[in-house]
Amino acid sequence: MGDFLSSIGRLQAEQQKQVQEFQLTEKFNSLDTRVSNLESVISNKLISPQVISIYNDLYVPALRPLRQVAKLLLWVSTSSTTIFGVSTESMQLSFDPRDNSIPTILLIMQMHLYSQGGLQTEGIFKINVANSQEEFVRDQLNRVVVPEGTDVHCLAGLIKSAD
């Protein structure tokens, strides 16, 4: 009789684990569907990107694991947004893979720098670019846009000057 009850207990525990895994999968699928729908609405210009904001999950620690699986849409209101010349403490924050809170724009610039092979580029933080190019990219970054084909030296210089 004891073995029978023990087997039933194991089966119940396994069933509960499967139900929890199913519920978690359903939540992630639902989240992915909502993000896809939102991306579709944005790409069809049905709403402007400024109405979308990413939460600062510093205040909601239970949501931090979602960063590993969710697609994050990073938008900042363009009303008098400036990135350069303000303290990093006043900027919108996101979290890097090591759970450090970092200004979102710096993470975006870092991703572009990495994706263009910036870390393998010789003199990446030493070579300066023309002021006109840097000013153009700076203006675009104030709109939270990294222009395609931005020189990695320009990005590196702006990362250095972002504080």
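Using this note's numbering, read the sequence shown as starting at -17 and increasing by one per residue.
C-beta: ideal position from N, C-alpha, C; glycine also.
Predicted, not measured: the structure shown is a model, and the values here were computed from it.
Please classify residue i: is it buried, with 16 or more other beta-carbons within 10 angstroms of its beta-carbon, or exposed?
| i | result |
| --- | --- |
| Ala119 | The sequence given here places Val at residue 119; Ala does not occur at that position. Its Cβ being crowded by 16 or more others within 10 Å, Val119 is buried. |
| Gly100 | buried |
| Ser176 | Not covered by the structure: residue 176. The range shown for the chain is -17 to 145. |
| Val128 | buried |
| Ala(-5) | exposed |
| Leu95 | buried |
| Leu146 | In the structure displayed, the chain extends from -17 to 145; residue 146 sits before or after that span and is not available. |
| Val1 | exposed |
| Met(-17) | exposed |
| Met73 | buried |
| Met91 | buried |
What whole-angstrom Cβ distance do residue i and residue j have, given they're in contact under 8 Å?
| i | j | result |
| --- | --- | --- |
| Ile84 | Leu123 | With a Cβ gap of about 15 Å, Ile84 and Leu123 do not count as contacting. |
| Gly139 | Asn110 | 6 Å |
Within the same chain, show all residues whose beta-carbon is closer than 8 Å to that of residue i, passing over the 5 residues directly before and after it, in chain order.
| i | result |
| --- | --- |
| Glu117 | none |
| Val134 | Leu95, Gln98, Gly99, Gly100, Thr103, Ile106 |
| Gln115 | Asp133, Cys136 |
In chain order, what residues of the same chain have a beta carbon less than 6 Å from the beta carbon of residue i, not counting five sequence neighbours either side?
| i | result |
| --- | --- |
| Ser(-12) | none |
| Val33 | Low local confidence applies: a pLDDT of 36 at Val33 is under 50, so the model's placement there is unreliable, with the coordinate-based value given in what follows. Answer for Val33: no residue qualifies. |
| Tyr41 | Note that Tyr41 has pLDDT 47, beneath the 50 cutoff, so the model's placement of it is unreliable and no number is given. |
> Residue ranges of each alpha helix (DSSP H) run of no fewer than 4 residues wholly in the stretch 81 to 107, ordered along the chain?
Replying inline: 86 to 97
> On the three-pair Cβ rule with 8 Å, is the stretch 95 to 115 touching the stretch 71 to 80?
Replying inline: no
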